[in-house]
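Colleague: Here it is, the structure, as structure tokens.
Residue numbers (my numbering): 2 to 284.
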């Protein structure tokens, strides 16, 4: 694996139409492309992480972060409050790995060194299988092989092995979406497939829209409901999102700041939507 190659991709277990409104809240330019039955892929158009082969950052820019930290923050932001999980794949020349984010649960990650040496906790792959609803026997056995020494498999081969397991759930990688490829090559490859689209950061206000009949409705940011349970979830999102945003900003961590901001925005949106629906309910 080339030591100067850095790249990442986010795999969402949901159709593009479901992923799109949440992806916009990341406020990052990304390419959204279908990736099989009930799967979508997000490929960043920029490289907000440390990229030795990329263009030098402007002098006033904040220090770049490692790619794994950036995409973990993105995956957490996408998955929290949603009913679908996100698998982030990343590589930076020295290592490669995956992170699974699902709802409010702590993300789980696994890492391989460049030569394929496993460097993660065994239970991480088991948790990945459980949260993705994989076969508890065949798929878990396949994942366990990825955690065993294999001199013939480098880090990129390990990621390909992981994608082969996901393929059993309906995942089909778009042409050119190849682990270990430079970020620029990933962008070029995912611009051409049918259904590919640019997703830009439009802000959380666009997550609520007004239709021609004057009815305000929430887009599919997650399992939105009206009532005590929905208000409890939204309150928890605000309670978690506010300190996470402050913590991420203090550490100059763009990924975690984004995760906190999205969590906070979803909570505020949920509370506002419930207040609106309560105010318009028949008396």
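Backbone N, C-alpha and C fix where the C-beta goes; we use that ideal spot for every residue, glycine too.
One question on the structure: do residue 34 and residue 197 come within less than 9 angstroms of each other, judged by their Cβ atoms?
Modeller: In this structure, residue 34 places its C-beta atom within 9 angstroms of the C-beta atom of residue 197.
Colleague: Is residue 21 helix, strand or coil when you go by DSSP?
Modeller: Assigned with DSSP and collapsed to three states, residue 21 falls in helix.
Colleague: If contacts are defined as beta-carbon pairs under 8 angstroms, then residue 68 and residue 9 qualify, I think. What distance do you get, rounded to the angstrom?
Modeller: 5 angstroms
Colleague: Under a Cβ-count criterion, where at least 16 other Cβ atoms within 10 Å of its own Cβ denotes burial, should residue 193 be classed as buried or exposed?
Modeller: exposed
Colleague: Figure out for me which residue from 26, 155, 38 and 31 has the closest Cα to the Cα of residue 15.
Modeller: 38
Colleague: Would the stretch 93-113 and the stretch 128-144 be scored as touching if the rule is three or more Cβ pairs under 8 angstroms?
Modeller: yes
Colleague: Measuring straight from C-alpha to C-alpha, what distance separates residue 201 and residue 105?
Modeller: 25 angstroms
Colleague: So residue 97 and residue 86 are supposed to be a Cβ contact under 8 angstroms. How far apart are they, rounded?
Modeller: Going by Cβ atoms, the distance from residue 97 to residue 86 rounds to 20 angstroms, so no, they are not a contact pair.
Colleague: Tell me where the alpha helix (DSSP H) around residue 166 begins and ends.
Modeller: 156-167 is the span of the alpha helix (DSSP H), which, as asked, contains residue 166.
Colleague: By how many angstroms is the C-alpha of residue 140 removed from the C-alpha of residue 62?
Modeller: Unreliable placement is indicated for residue 62, whose pLDDT of 46 sits below 50; the coordinate value is still reported in the next sentence. When rounded, the distance between both Cα atoms is 43 angstroms.
Colleague: Based on the DSSP output, what are the partners of residue 172 in its beta bridges?
Modeller: 37
Colleague: Could you have a look at residue 85 and say whether DSSP puts it in helix, strand or coil?
Modeller: coil
Colleague: Measuring only the C-alpha atoms, how far is residue 136 from residue 169?
Modeller: 9 angstroms
Colleague: Tell me, which residues are paired with residue 100 by DSSP?
Modeller: 89 and 110
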